[in-house]
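Student: Residue numbers (our numbering), protein chains in the order written: chain A, 3 to 168; chain B, 146 to 528; chain C, 3 to 159; chain D, 67 to 484.
Positions of the beta carbon are idealized from the N, C-alpha and C atoms, including for glycine.
Since the model is a prediction, treat every value here as computed from it, not as a measurement.
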Amino acid sequence: MSKKVRKETIAVEGVWPVGSYVYKAPTLYQELLEGFKQKKIIGSLCTGCGFVYVPMRNICGRCWRKIDARVTVSDKGTVKSFTLSQAVKKGQVKVLGMDPVEMGWLKEGERLIMVLVNFDGTNSKYTTILLNAKPEEAHIGMRVQAVWKEKPEGKLSDIIGVEPIK
Amino acid sequence: MMREKVAIIGYAQSYHQANMPMTREDMVFEVAKEAAKMAGIEREDIDTVINATNDYYEGRTISELFLVMPIGAYLKDYTKVEMDGANAVFYGMLKILSGTHDIALIVANTQGSTFNPHQISVYTLDPTFDRQIGVLNDISAAAIQARVYMNKYGISEEEAAIVSVKNLGNAAKNPHAHRRMPGISLEEVLSSKLYCDPIRELTMSPISDGAAAVVLASEKKARELSDCPVWIKGVGSCQDSYIRDRKLYKLEGLEAAAKKAYQMAGIKNPFAELDAAEVSERYAHEELMIYEALGFCEEGRGGTLIDSCATFNDGQLPVNPSGGALSADPITATGLIRIVEATMQIRGEAGAHQIPGAWRVLAHGQTGICAQQNIVFILGGEE
Amino acid sequence: MKILKEEVIPVKGIPVVAGFRWSVGELMDRFIKELGNKKILGAKCSKCNYTYVPPRAWCSKCSAKMDANNLVELSGRGVLVGYTTAYVELDGNGNFRDLEKPKAIGAIKLEDADSTIFMPLIDVEPEKLKEGITVKVVWQEETKGQISDIKGFKPEK
Amino acid sequence: MWRNIAVIGVGQTKHGIRRDINAAEMIAEAAWKALEDAELGPEDIDAIAIGNMQGFGGICQAELWSGDLFAAPGKPVLRIATGGTTGGSVAQCGMYQVASGLFDTVLAIGFEKHSDSKEPGATMGLSHVGLANMFHLLANGVDVRTSFAYGGGVGAAAGVSAYQACEYMHRSGCKIEHLDMVAAKSRRNAAKNKYAHLQWPNCTAESLAKHPRFGEIVAYPLRLGHICPASDGASAIVIASEEIARKADRPAWVRGLAACADEENQQAENAQGVSILDTSEQMQCRIAAMKAYRMAGIKNPREEIDVAEIYQPFPHQELMYSERLLLFDDGKAWIPLEEGETEIDGKLPIDPSGGVLSTNAIGSSAMQRVAECALQIMGKAEEHQVPKDVKNAVAHGWGGSTNFTVVTVLGDTPRLRW
């Protein structure tokens, strides 16, 4: 592919302050995080179709009704899909204007294994990262279990990730 | 001419308010579900779902993405109209007239509390010029329009303020309205906070959270499902030129839209033939301009018409018995709320703000600065 | 289990903005550059004679195509066709800000042009504004060929 | 549908990085080209349907400002936006406008101007899809490293697609080499399409995989060369009623159209859970395809469809959607790919225009699929015209987080009414 010289006109600038919006969130995550404090994963159960959602969902579109029952589910599950992040060097990419290596989020050359996990007893998938495994070991159908923080404090980071069940 | 008739068989609207203690999802779920319940249908009966929102107001690109499930669109024909909700009804009607769908669910929603909609009006301007100059927004544009219009026809600020008195007073009887002010006086309106001369807090619409939904049906289905279908007799829509190249003292686009709608509905003298009208007046003076464009009075006589009290609830042609957009303005839902209110009037379900014997009602929706895009519906009961 | 209901939690964002740089097109490019020479250009449709300020590539009245040959220089004087005084402005982040000193905004029809432009009015007392008065452009001390070269318009004495 | 309608004119701008015109002029360029192609004047147009994803270009309801450049004043305008499907939804809106009988000639326009965004490659527009969710997650103490997983490392639709590619490969047994073959075919075809953005004549799977830059895997299993560009461009079609279309030389008749939405594919509002465990299942696409084929009277799509334009910003999607459009067996699309059946001169050409992999101006992309199908039927696709008589063509588009689908079937003869 060759680079061509493009005709350009001058440009004028403007911004859209996307960070100034205030959104409304339901209290569902509060319930989930209450459970996290006891190393428990709580899901919402639609009594219409029997589907269990983790993280919780408050409306089931299949049955077109509100979901209000709660169940505790296992913290073991199956990898439904995965992808690997790009191994990046310092200054290579920016996330919302920040360099992930510089910020200490990623080590240089590290490839994060990002997985969608279907916890046993649920019908949904939970997004997290796979720990204690090499990228080439990741596969769909892999059995994993949640890795909890030693002292959970009711935050999403209480689940550090998932690791293979040996 | 329409090949078939299309009817509204169910409707619902939220209790519009400044900051609704409800997520966007719950809000649309409730109105959609209520409208379907009223129409006596289940999710399985719906053929197509049309949503009206705007990514800028919602603060999410693909704002309808997460609304698929709450809105009842799971595995349904689904699309989004990024304009006033009345246009979504128009699209739903087109689908039914095409003969491909029988029942359409239309939902429109905006939560103004997410982000100031007046700021967003700036983003609709020409980015290469007007947005750079930085003086124009929907309030300042409306203020200039108000001045031009009022000076040209000798209309006083009081006459425009009467519109606010009328609409906010009417809203007191409407439990769904956001700004309800029983016994509001002219002085109160004229002494409210000045934004852009002559636009004041009470002569411009409030920023509201709200949603509305209607169920449309083909003639066959409507007769099957409903005892009291409300028919769409006529519709007209028109976009006007960009604000730099159009007349500021008159709503030419609305005039053209109304002409089409009247022609379709066979209306020759709208003032005599209509029983009520629900219009989207974002600013008080705009309602006077709307009177003229809709042919309720001659050009420049909007002030005289409001002075005569003919558009009050006990007048000859009540306009905005619900309180109109001045009482609640959840942007993309506003036009759809007008259709819902018109339907309520025809079905005799408007409660305290019912106009007795309303059988042919006009509903109007608008999009854009100084009402650049207008859509007019003529709704009617069984002839 | 206790179910919390009908409560919402406001979610505030982190301060990020989406930035844009709109390319302006050939005619606007000329228009903006000529501002540096203290000239205001318009585009006159050769079919219907409607003159646009700022210039644009198609005529909205008769749909004729316009190009650099349609550009005409305008005098910088015009008639005030409408005005308002703003007491409140938007701060760009969606908040209203009360202005200490109200700002006057004018809708102006430049001589030989048909479009109305919306411009700040400077050096005026809001009470003295009247439709039909002649206004003229005020340039920045140094013009650089950008839109902000126009400081505003003021009534001609 | 009670009356027949047809596409009688097609217009496209050169897609790519267009810093030489503004958004309004770009839209107008496509609109006027379409009108010229249809041999109609602006006064003949009864209504307009238009759409784009407004977060990308930074202009809200751009038709309000730009409408004046393509004769919108005085006409009813409907603005449609549904994510990636936007162009297809706009085209279908135009089709319904004519089919309803209220209008006889309609102009439908899709456009996008990504280069107006300061951030490269539409990243802000894309991340904005899930920005509210991300704020919610951050407010609930998500670990930053885990938060990358929500975007699949690349963000939004691209993130969903990386997971989806993995699922599809697991389901079908296809390999990264097959993705290379699709991407190379697309770049090759694009070189024959004068409107396309990324053109790479004689590109092969090997040359793409071994390319120092494009060969790098950015989000397993996707290479940089597997990801669509962020283009600027606009495309437009003119749709007309049967009486008007009969006067045209060889109109592309609309034989079937359908749209369908499924549950969000990765996460719901405020990062709630979703229960689509296999995003390569694509139930909504199967439903839309079946509806559209039934309307078109197509009983055996494999035999009756002559060319398909599939919306494939990522290569696995060409394979996956060709299966969901019932053109191949589930999980077997890589076999005909290996055999060259989907090349321009193959048995069933897919994306002879190069498709979305080579040109992605989001609002325009799905519209281009309809436009390209129309061109193939009209015989006006020039260099990338498939060397056979095109009787039926299918145009596809996906949007949202791969959970919206539009399918339009065009044909060389009007639809039979029954």
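Return the residues of the region 84-96 of chain C that lie within a Cβ-Cβ distance of less than 8 Å from chain A, sorted by chain order.
Tutor: Under the 8 Å Cβ criterion, the region 84-96 of chain C contributes G94, N95 and G96.
Student: What residue does the alpha helix (DSSP H) around F33 (chain C) start on, and which one ends it?
Tutor: Within the third sequence, numbered from 1, the residue matching residue 33 (chain C) stands at position 31. From DSSP, the alpha helix (DSSP H) with F33 (chain C) extends over E28 to L37.
Student: Do you know whose CA, among B:V506, B:R148 and B:V213, lies nearest V173 (chain B)'s CA?
Tutor: Numbered from 1 along the second sequence, position 28 holds the residue referred to as residue 173 (chain B). Minimum Cα distance to V173 (chain B) is reached at B:V213.
Student: Hey, quick one: how far does the alpha helix (DSSP H) through P122 (chain C) stretch, first residue to last?
Tutor: For the purposes of this step, residue 122 (chain C) is identified with residue 120 of the third sequence, where counting begins at 1. Segment T118 to L123 is the beta strand (DSSP E) holding P122 (chain C); no alpha helix (DSSP H) there.
Student: Alpha carbon to alpha carbon, how far is C439 (chain D) from K260 (chain D)? Give it in angstroms, no decimals.
Tutor: By 1-based counting over the fourth sequence, the position of residue 260 (chain D) is 194. By 1-based counting over the fourth sequence, the position of residue 439 (chain D) is 373. Distance between the alpha carbons of K260 (chain D) and C439 (chain D): 16 Å.
Student: For chain A, check one thing: does any of its Cβ atoms lie closer than 8 Å to the Cβ of Q333 (chain D)?
Tutor: For the purposes of this step, residue 333 (chain D) is taken as the residue at position 267 of the fourth sequence. Judged by the 8 Å Cβ criterion, Q333 (chain D) is in contact with chain A.
Student: For a minimum of 3 consecutive residues, which ranges assigned as the beta strand (DSSP E) are wholly contained in the region 5-73 of chain A?
Tutor: Complete beta strand (DSSP E) runs here, min 3: 13-18, 24-27 and 43-47.
Student: Nearest chain C C-beta to V14 (chain A) closer than 8 Å, yes or no?
Tutor: The residue given as residue 14 (chain A) occupies position 12 in the first sequence. With 8 Å as the cut-off, V14 (chain A) counts as an interface residue toward chain C.
Student: Considering just the uninterrupted stretch of the beta strand (DSSP E) at S83 (chain A), what are its terminal residues?
Tutor: As a first step, residue 83 (chain A) must be located in the first sequence, where it is residue number 81. First-last of the beta strand (DSSP E) with S83 (chain A): K78 to L86.
Student: Using a cut-off of 9 Å between C-beta atoms, extract the partners of S65 (chain C) located in chain B.
Tutor: For the purposes of this step, residue 65 (chain C) is taken as the residue at position 63 of the third sequence. Ordered by position in chain B, no residue passes the 9 Å Cβ test against S65 (chain C), which lies about 12 Å from the chain.
Student: Assuming F38 (chain A) contacts S76 (chain A) under a Cβ cut-off of 8 Å, what Cβ separation, rounded to an integer in Å, is found between them?
Tutor: Translated into positions along the first sequence, residue 38 (chain A) becomes position 36. Translated into positions along the first sequence, residue 76 (chain A) becomes position 74. Going by Cβ atoms, the distance from F38 (chain A) to S76 (chain A) rounds to 14 Å, so no, they are not a contact pair.
Student: Taking Cβ to Cβ, would you say L149 (chain C) is nearer than 8 Å to I34 (chain C)?
Tutor: Within the third sequence, the letter at position 147 stands for residue 149 (chain C). Within the third sequence, the letter at position 32 stands for residue 34 (chain C). Per the sequence shown, the amino acid found at residue 149 (chain C) is Ile instead of Leu. In this structure, I34 (chain C) lies closer than 8 Å to I149 (chain C) by Cβ.
Student: Are any of the Cβ atoms in chain A nearer than 8 Å to that of E170 (chain B)?
Tutor: Against the second sequence, residue 170 (chain B) aligns to sequence position 25. Yes, E170 (chain B) lies at the interface with chain A (some Cβ there is under 8 Å from its Cβ).
Student: Roughly how many angstroms lie between the CA atoms of T468 (chain D) and L391 (chain D), to the nearest whole one?
Tutor: The residue you call residue 468 (chain D) lines up with position 402 of the fourth sequence. The residue you call residue 391 (chain D) lines up with position 325 of the fourth sequence. So the alpha carbons of these two residues sit roughly 15 Å apart.
Student: Report the CB separation of Y25 (chain A) from V13 (chain C) in whole angstroms; it is logged as a contact under 8 Å.
Tutor: Here residue 25 (chain A) is taken as the residue at index 23 of the first sequence, counted from 1. Here residue 13 (chain C) is taken as the residue at index 11 of the third sequence, counted from 1. With 8 Å as the limit, Y25 (chain A) and V13 (chain C) qualify as a contact, their Cβ atoms being about 4 Å apart.
Student: Tell me which same chain residues have a C-beta within less than 6 Å of the C-beta of A311 (chain D), skipping the five on either side of it?
Tutor: Position 245 of the fourth sequence, counted from the first residue, corresponds to residue 311 (chain D). Contacts found: A72, I74 and P317.
Student: At a Cβ threshold of 8 Å, is P19 (chain A) touching chain C?
Tutor: Mapped onto the first sequence, residue 19 (chain A) falls at position 17. Interface residue, yes.
Student: Which residue's Cα is closest to the Cα of I305 (chain D): D:Q127, D:I175 and D:F394?
Tutor: Within the fourth sequence, residue 305 (chain D) is the residue found at index 239, counting from 1. Among D:Q127, D:I175 and D:F394, the Cα nearest to that of I305 (chain D) is on D:I175.
Student: Using a Cβ-Cβ cut-off of 8 Å, state whether P57 (chain A) counts as contacting chain D.
Tutor: Position 55 of the first sequence holds residue 57 (chain A). At least one chain D Cβ lies under 8 Å of P57 (chain A).
Student: Going by Cα to Cα distance, which pick from D:D411, D:R69, D:M235 and D:G281 is closest to K454 (chain D)?
Tutor: Translated into positions along the fourth sequence, residue 454 (chain D) becomes position 388. Comparing Cα-Cα distances from K454 (chain D) to each of D:D411, D:R69, D:M235 and D:G281, the minimum goes to D:D411.
Student: Which ranges does the alpha helix (DSSP H) cover as unbroken runs of at least 4 residues, wholly within the region 362-399 of chain D, from first to last along the chain?
Tutor: Counting whole runs of 4 or more residues, the region 362-399 of chain D contains the alpha helix (DSSP H) stretches 367-370 and 381-390.
Student: Between Q350 (chain D) and chain B, is there a C-beta pair that is closer than 8 Å?
Tutor: In the fourth sequence, the residue the question calls residue 350 (chain D) occupies position 284. Q350 (chain D) counts as touching chain B.
Student: Measuring straight from C-alpha to C-alpha, what distance separates A157 (chain D) and A100 (chain D)?
Tutor: The residue given as residue 157 (chain D) occupies position 91 in the fourth sequence. The residue given as residue 100 (chain D) occupies position 34 in the fourth sequence. So the two alpha carbons sit approximately 13 Å from each other.
Student: Where do the N-terminal and C-terminal ends of the beta strand (DSSP E) with M104 (chain C) fall, by residue?
Tutor: Within the third sequence, numbered from 1, the residue matching residue 104 (chain C) stands at position 102. The question names Met, but residue 104 (chain C) is Pro in the sequence shown. Looking at the DSSP string, the run of the beta strand (DSSP E) that includes P104 (chain C) is F98 to L112.
Student: By how many angstroms is the C-alpha of I248 (chain B) removed from the C-alpha of K178 (chain B)?
Tutor: As a first step, residue 178 (chain B) is located in the second sequence; it is residue number 33 there, counting from the start. As a first step, residue 248 (chain B) is located in the second sequence; it is residue number 103 there, counting from the start. The straight-line gap from Cα to Cα measures roughly 14 Å.
Student: Within the same chain, show all residues whose beta-carbon is closer than 8 Å to that of I476 (chain B), passing over the 5 residues directly before and after it, in chain order.
Tutor: As a working note, residue 476 (chain B) is residue 331 in the second sequence. The answer, listed in chain order, is N199, Y202, D229, T255, G257 and P262.
Student: Since M349 (chain B) and G379 (chain B) are thought to touch, with beta carbons under 8 Å apart, how far apart are those beta carbons, to the nearest angstrom?
Tutor: Within the second sequence, numbered from 1, the residue matching residue 349 (chain B) stands at position 204. Within the second sequence, numbered from 1, the residue matching residue 379 (chain B) stands at position 234. Incorrect: roughly 30 Å between the Cβ atoms, too far for contact.
Student: When the cut-off is 8 Å and only beta carbons count, does G191 (chain D) lie next to chain B?
Tutor: Position 125 of the fourth sequence, counted from the first residue, corresponds to residue 191 (chain D). Yes, G191 (chain D) counts as interfacial toward chain B.
Student: Comparing C-alpha positions only, which one of B:I191, B:M147, B:P343 and B:Q490 sits nearest to V90 (chain C)?
Tutor: Along the third sequence, one-based indexing puts residue 90 (chain C) at 88. With distances taken between Cα atoms, V90 (chain C) lies closest to B:P343.
Student: Hey, which unbroken runs of the alpha helix (DSSP H) at 4 residues or more fall wholly within the region 431-504 of chain B?
Tutor: The region 431-504 of chain B contains these whole alpha helix (DSSP H) runs: 447-452, 469-472 and 476-492.
Student: Drop a sphere of 10 angstroms on the beta-carbon of D315 (chain D), count the other beta-carbons inside from all chains shown, and report buried for 16 or more, exposed for fewer.
Tutor: Taking the first residue of the fourth sequence as 1, we reach residue 315 (chain D) at position 249. Counting Cβ neighbours within 10 Å, D315 (chain D) comes out exposed, since fewer than 16 surround it.
Student: I want to see whether chain A comes within less than 8 Å of I16 (chain C), judged by CB atoms only; does it?
Tutor: Position 14 of the third sequence holds residue 16 (chain C). So yes, I16 (chain C) belongs to the interface.
Student: At a CB distance below 7 Å, what residues from the region 278-300 of chain B approach chain C? Give them in sequence order.
Tutor: Cβ contacts with chain C: I278, V280, L281, N282, S285, A288, I289, R292, V293 and N296.
Student: By the DSSP assignment, the beta strand (DSSP E) with Y85 (chain C) in it spans what residues?
Tutor: The residue labelled residue 85 (chain C) in the question sits at position 83 within the third sequence. It spans R79 to L92 - the beta strand (DSSP E) in which Y85 (chain C) sits, taken as one unbroken run.
Student: Name the chain A residues whose beta carbon is nearer than 7 Å to that of V208 (chain D)?
Tutor: Taking the fourth sequence and counting its residues from 1, the one referred to as residue 208 (chain D) is at position 142. Within 7 Å Cβ-Cβ: L158 and S159.
Student: For I303 (chain D), which three-state DSSP category applies?
Tutor: If you number the fourth sequence from 1, residue 303 (chain D) lands on position 237. I303 (chain D): strand per DSSP, three-state reduction.
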